[in-house]
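Top line first, the protein sequences correspond to chains V, U, C and E. Heads up: the first sequence begins at 81 in our numbering, then just goes up one per residue. Heads up: the second sequence begins at 81 in our numbering, then just goes up one per residue. Heads up: the third sequence begins at 81 in our numbering, then just goes up one per residue. Heads up: the fourth sequence begins at 81 in our numbering, then just goes up one per residue. Okay, so here's the structure we're looking at.
4 protein chains.
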Amino acid sequence: MDEIESLARLFEKFPGIGPRQAKRFVYALLRADASYRTELVERISKLARGVTRCTLCGRFMAHGASSKCSICNDTARNQKLLMIVLKDADIESFEITAVFQGTYLVLGTLAPLTEDTLSTNLKNALKRRLAAATVSEIVLALPVTTDGEHTASLVRSALSTLITEGTTIATLGRGLSTGSELEYADPQTLRNAFTLRK
Amino acid sequence: MDEIESLARLFEKFPGIGPRQAKRFVYALLRADASYRTELVERISKLARGVTRCTLCGRFMAHGASSKCSICNDTARNQKLLMIVLKDADIESFEITAVFQGTYLVLGTLAPLTEDTLSTNLKNALKRRLAAATVSEIVLALPVTTDGEHTASLVRSALSTLITEGTTIATLGRGLSTGSELEYADPQTLRNAFTLRK
Amino acid sequence: MDEIESLARLFEKFPGIGPRQAKRFVYALLRADASYRTELVERISKLARGVTRCTLCGRFMAHGASSKCSICNDTARNQKLLMIVLKDADIESFEITAVFQGTYLVLGTLAPLTEDTLSTNLKNALKRRLAAATVSEIVLALPVTTDGEHTASLVRSALSTLITEGTTIATLGRGLSTGSELEYADPQTLRNAFTLRK
Amino acid sequence: MDEIESLARLFEKFPGIGPRQAKRFVYALLRADASYRTELVERISKLARGVTRCTLCGRFMAHGASSKCSICNDTARNQKLLMIVLKDADIESFEITAVFQGTYLVLGTLAPLTEDTLSTNLKNALKRRLAAATVSEIVLALPVTTDGEHTASLVRSALSTLITEGTTIATLGRGLSTGSELEYADPQTLRNAFTLRK
Chain V
81 MDEIESLARL FEKFPGIGPR QAKRFVYALL RADASYRTEL VERISKLARG VTRCTLCGRF
141 MAHGASSKCS ICNDTARNQK LLMIVLKDAD IESFEITAVF QGTYLVLGTL APLTEDTLST
201 NLKNALKRRL AAATVSEIVL ALPVTTDGEH TASLVRSALS TLITEGTTIA TLGRGLSTGS
261 ELEYADPQTL RNAFTLRK
Chain U
81 MDEIESLARL FEKFPGIGPR QAKRFVYALL RADASYRTEL VERISKLARG VTRCTLCGRF
141 MAHGASSKCS ICNDTARNQK LLMIVLKDAD IESFEITAVF QGTYLVLGTL APLTEDTLST
201 NLKNALKRRL AAATVSEIVL ALPVTTDGEH TASLVRSALS TLITEGTTIA TLGRGLSTGS
261 ELEYADPQTL RNAFTLRK
Chain C
81 MDEIESLARL FEKFPGIGPR QAKRFVYALL RADASYRTEL VERISKLARG VTRCTLCGRF
141 MAHGASSKCS ICNDTARNQK LLMIVLKDAD IESFEITAVF QGTYLVLGTL APLTEDTLST
201 NLKNALKRRL AAATVSEIVL ALPVTTDGEH TASLVRSALS TLITEGTTIA TLGRGLSTGS
261 ELEYADPQTL RNAFTLRK
Chain E
81 MDEIESLARL FEKFPGIGPR QAKRFVYALL RADASYRTEL VERISKLARG VTRCTLCGRF
141 MAHGASSKCS ICNDTARNQK LLMIVLKDAD IESFEITAVF QGTYLVLGTL APLTEDTLST
201 NLKNALKRRL AAATVSEIVL ALPVTTDGEH TASLVRSALS TLITEGTTIA TLGRGLSTGS
261 ELEYADPQTL RNAFTLRK
């Protein structure tokens, strides 16, 4: 296997990339300026060194003076409101809405997981988070898929032993999303939409 | 233009059918048994004669002893709960969920409409419906599209002069539908999902 | 089952139409003008009476003074050149190209067929055709699919006993079609494209 | 702009990659093992040093003892038969077919190009190639697109002054590709398929 094949194999591990596109990436790099390749190599090399996880919410952030990310450090954010999301990109999607003024916790992975693994990781993360600031409401914001629902139930179960009385646990509302027509909506979505009418 | 073309032109008016598929329908009819064509012709001929609109909810139904459809005639259904839908197919989708035990009103068409036209039709239909049985809650179940939202606001405005105090108007819940992942949800859906968390 | 359901079941037999779209057809008919429904019924009723098959090529055509279609009757068309196609729509596609000045024979159906059935039908049709005018070249224009290839081989075998010496049998050229890029072409297409380079 | 954004911008330049997927690549790298990132950096760094172009056909190849690639060095390949392709991936697609036993020349880029640029590059490449071994047939294997056709005509024109009498120029065959049905084929493809029948 030569240089082209070897690199293509690595690109195949990128999310959503098959053998054909991986190969196209290699040819694109070969045709690119040397300066582009150099910059790419430098940026990837620096990535892990320059990026760390926020000690409070677990999202990736640039190394800096603080061990907490810009959201966790933002005193204007409501520390009592905590949204548990699957991944960093979900935070970005939610920040665009400007509707949420609380803070986040990044789960990082979905079920299938053993209950133990998830609980240990989550419990440690949650303990740290709960020790840092009182939380009065936790919003579960996981995917509406089988794995997402399963993970949500594991998280709820882990939370039950950690939260104090008076802390509520909510799930994001289910119902019709933008563009929905009733004729094409699935029964569960219609059921949720009816239950959450207002 | 010959027989094949003439019939194809008529099929082109079927919803979602272009010239090519219309032509294929004609050829399929030509290849079909004579008995199939005869039955099709009879069924279409009888359709308008055999089908009427429920005088209460406006949905299409087979002619029969009653001027009301099976749902409007069902004493087990809650007449105080009324869902306004766009079309008959929406009722079928909702009936599958088994979550709604009230009755329906079929709007039949969406904006763009003049406010007057819509109001007159709707007001007449609603007046009939309100005269038939007391309604305590009206649920707007229109598409989550620009036209759907516009129509919903016209309907709300028409309702304001017709309903008695104590009748509430609700809209189907908006939020994450089955299969949704936060990363790909649009901002408005996320905003609604957060507002309707529970 | 009521009128709506009964008609929907018939529309489900239209090519490419599922239960949902069949139902939408019925509702569209219900909302349509009575005059549209009347015209549709008349056109379908007249279809089989008004349409017949060309006795020479088998394609559908309007009843008229001649038992042969406009193409078979056209003295400017080369009767010595015969293209065997699967269905009427294929003739229409080919006529648009204006490259083919011969005549057609419509096969009407693809394999899977028993060899006997196909042979009998085809042999009768071909015998009639060959008796009507000398044919020097027969072009097989069947789909490039497993069923198409299988049918083509049955047709070739049936032809072998019917044609006279000097009549050639050709297959439509295989190769790159409009828009093709080599990277995405399948191996068989590339093989054919190379073999048929010119 | 932080480390994550900076690297995402570079990934956006990969073929077919938008901002969202570029960001996902970065997060995937962050979650990946350090050893994977290290290997990726090493492979990209080595790529340009380890890869060169074959001096005869211009395709990318690993540096080695020879200045010619494995195909150009293969004495079993017919040097008299030359296929001009757009890019390296096209060679890979053709090699799978096992039908072509000649050699290649990689054009590297398509029109729009000035006639001069293309001619200079191509003429130099062709002169080198023609000096290395006699060529009796040149096959143009460019995309069947507007740009591909335009480039093919520029190449033909450049070739006209370079080739000796007796060298033929062919184009890959055009016609029905695997899976084609006549009804859906475009007119130009049908015209070609008829012309290249055999």
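Glycine included, every Cβ here is placed at the ideal spot set by N, Cα and C. This one's a predicted model, so the numbers in the text were calculated from it and none came from an experiment.
- Following the DSSP letters along the chain, one finds Phe140 of chain E in no alpha helix (DSSP H) but inside the beta strand (DSSP E) bounded by residues 140-142.
- Under the three-state reduction of DSSP, Leu185 of chain U is assigned to strand.
- In the assembly as shown, Gly246 of chain C is an exposed residue. Its beta-carbon has fewer than 16 other beta-carbons within 10 Å.
- Taking 7 Å as the CB threshold, Glu263 of chain U lines the interface with chain V.
- Listed in chain order, the non-local C-beta contacts of Ala142 of chain E below 7 Å within the same chain comprise Gly130, Val131, local neighbours out to five positions each way being set aside.
- The beta-bridge partner set that DSSP reports for Thr241 of chain V is empty.
- The beta carbons of Arg117 of chain C and Leu127 of chain C sit no closer together than 7 Å.
- Ala265 of chain E is classed as buried because its beta carbon has at least 16 other beta carbons within 10 Å across all chains shown.
- Following the DSSP letters along the chain, one finds Arg133 of chain U inside the beta strand (DSSP E) bounded by residues 131-133.
- Taking 7 Å as the cut-off, the beta carbon of Val219 of chain C is found closer than this to the beta carbon of Met163 of chain C.
- Exposure of Ile176 of chain V is indicated by the presence of fewer than 16 other C-beta atoms within 10 angstroms of its C-beta.
- Taking 7 Å as the cut-off, the Cβ atoms of Cys149 of chain V and Arg157 of chain V do not count as close.
- Close to Gln268 of chain U, with beta-carbon spacing below 9 Å, are these residues of chain V in chain order: Thr177, Ser257, Thr258.
- Under the 8 Å Cβ criterion, the stretch 164-174 of chain V counts as touching the stretch 182-189 of chain V, having at least three qualifying pairs.
- Take the alpha-carbon of Glu172 of chain C and the one of Ala145 of chain E: they are about 59 Å apart.
- A direct Cα-to-Cα measurement between Lys160 of chain E and Thr241 of chain E gives close to 18 Å.
- Annotated three-state conformation of Leu190 of chain V is coil, per DSSP.
- Our two residues, Lys203 of chain C and Ala238 of chain C, have alpha carbons roughly 7 Å apart in a direct line.
- Nearest C-alpha to Ala112 of chain C among U:Leu262, U:Asp113, U:Leu90, U:Glu119: U:Leu90.
- Within the same chain, Asn272, Ala273, Leu276 come within 6 Å of Gly255 of chain U by CB-CB distance, once the 5 residues on both sides are set aside.
- The C-beta distance from Phe174 of chain V to Leu270 of chain U rounds to 6 Å, short enough to meet the 8 Å contact threshold.
- Residue burial is scored here from C-beta neighbours: Ser115 of chain E has fewer than 16 other C-beta atoms within 10 angstroms and is therefore classed as exposed.
- Taken through DSSP and simplified to helix, strand or coil, Ala221 of chain C comes out as strand.
- Counting along the chain, the unbroken beta strand (DSSP E) around Ile164 of chain C starts and ends at 161-165.
- Put simply, of E:Val106, E:Arg104, E:Lys103, E:Ser86 the residue whose alpha carbon is nearest the alpha carbon of Glu119 of chain V is E:Ser86.
- Annotation: Cβ neighbours of Asp170 of chain U in chain V (cutoff 7 Å, chain order): Leu262, Glu263.
- Per DSSP, the beta-bridge partners of Thr251 of chain V are V:Leu220.
- Using a Cβ distance threshold of 7 Å, Gly228 of chain E and Gly253 of chain C do not count as a contacting pair.
- Rounded to the nearest whole angstrom, the C-alpha separation of Lys278 of chain U and Lys207 of chain U is 36 Å.
- Within chain C, the C-beta atoms nearer than 8 Å to that of Tyr107 of chain U come from Phe140, Lys167, Asp168, Ala169, in chain order.
- Here Ile151 of chain E really is in contact with Cys137 of chain E; their C-beta atoms are around 7 Å apart, less than 8 Å.
- A Cβ of chain E is located within less than 7 Å of the beta carbon of Pro95 of chain V.
- Thr251 of chain E and Thr226 of chain E have their C-alpha atoms roughly 15 Å apart.
- For Phe91 of chain U, the uninterrupted alpha helix (DSSP H) segment begins and ends at 83-91.
- Interface criterion not met: the Cβ of Ile243 of chain U is under 7 Å from no Cβ in chain C.
- Annotation: Arg271 of chain C has no Cβ neighbours in chain U at a cutoff of 8 Å; minimum Cβ distance is about 31 Å.
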